[in-house]
Amino acid sequence: MGGMGFLDTRARKLTTVYLPLCIFLFVLLFPFYWMAITAFKPNNELLSREGNPFWIIAPTLAHVKKLLFETSYPQWMWNTVLVSVVSTVFSLAASVFAAYAIERLRFSGAKHVGLAIFLAYLVPPSILFIPLASVVFQLGLFDTRLALILTYPTFLIPFCTWLLMGYFRSIPFELEECALIDGATRWQILVKIVLPLSVPGLISAGIFAFTLSWNEFIYALTFVSSSEIKTIPIGVVTELVEGDVYHWGSLMAGALFGSLPVAFIYSFFVEYYVSGMTGSVKE
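Every number in my numbering is 31 more than the matching position in the sequence shown, counting from 1.
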């Protein structure tokens, strides 16, 4: 009976743990696999109706060469990194002050302000880009990286503020009260107590902000037209599609190379990301 129980437990574990995990991994990794084989598959295999579509017979680097040397993809990558990093840092700094003021200063109407900030994040970019376009044109920022750096925080700050509000709420008030009794200022409390304890939440909010700005499409499509200013999501779509001709190999290579930095960041900070998320939704 002991042996049969072991088999029953093993079979149950196989069906309830390993099988769902395998399905999840397949669904998660298959797009990367498809992009990889398409990026290194020659055109005759891509357009052929015969053969195995899930495998490469004669790999080629022609699509990668076209992407890197016949387009402005390296410049698109640099633009994306620059805009995403600067927008994330600026948005995270503003969100820290906003979230701390709402959650820790205990002023009247703080909860309503926090709810209003979260509702601002729910406003779709397809509505906001019209008035933002007018502001960008009036300031003379059209077709510049600064236009993207200044407009991305409009959707990054509300989300990061809401996320950090939940994490700041999980930090005991007693720590700040003890610091106030010892003569610490609010700035010292924020820098020396709250921020060190909020590192997982800051990393989680930073990863979210970086991902949102890295993949942003509508604002970049509206405010940028020059090829040397475009970001990856816009450059790949607009430069590698000529009428009804889709350069699928180069498209997939650009999508693959563009998704690797974000995947690397998630994998590198996964522990802080999970703890930051759990802390933000604890309350």
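All C-beta atoms in this analysis are idealised placements derived from N, C-alpha and C, irrespective of residue type, glycine included.
Computed from a prediction, not measured in an experiment: that's the story for all the values here.
Asked	Found
Reduced DSSP secondary structure (H/G/I, E/B, other) of MET35	Bear in mind that the predicted position of MET35 carries a pLDDT of just 49, short of 50, making it unreliable; the figure below should be weighed with that in mind. It is helical.
8 angstroms Cβ cutoff met for SER10 and SER103	Residue numbering for the chain in the displayed model covers 32 to 314; residue 10 lies beyond these limits and cannot be assessed.
Short Cβ contact (8 angstroms threshold) for VAL225 with ILE202	yes
Continuous alpha helix (DSSP H) stretch holding GLY237: start and end	230 to 245
C-beta atoms of ILE148 and THR192 nearer than 8 angstroms	yes
6 angstroms CB neighbourhood of LEU163 in its chain, flanking five on each side removed	THR182
Candidates PHE57, HIS278, ALA124, ALA294, of which the one nearest GLY232 by Cα	ALA124
Backbone CA spacing between ALA286 and ARG135 [nearest angstrom]	42 angstroms
Proximity of SER118 and ILE68 at Cβ, strictly below 8 angstroms	no
Proximity winner among VAL95, LYS72, ARG43, relative to ILE88 (alpha-carbon distances)	LYS72
Range covered by the alpha helix (DSSP H) that runs through ALA141	141 to 152
Cβ-based burial, TRP218 [other Cβ within 10 Å; buried from 16]	exposed
Rounded distance between the beta-carbons of TYR250 and PRO105, thought under 8 angstroms	Incorrect: roughly 22 angstroms between the Cβ atoms, too far for contact.
Beta-carbon proximity list for SER229, same chain, < 6 angstroms, skipping 5 on both sides	TYR198
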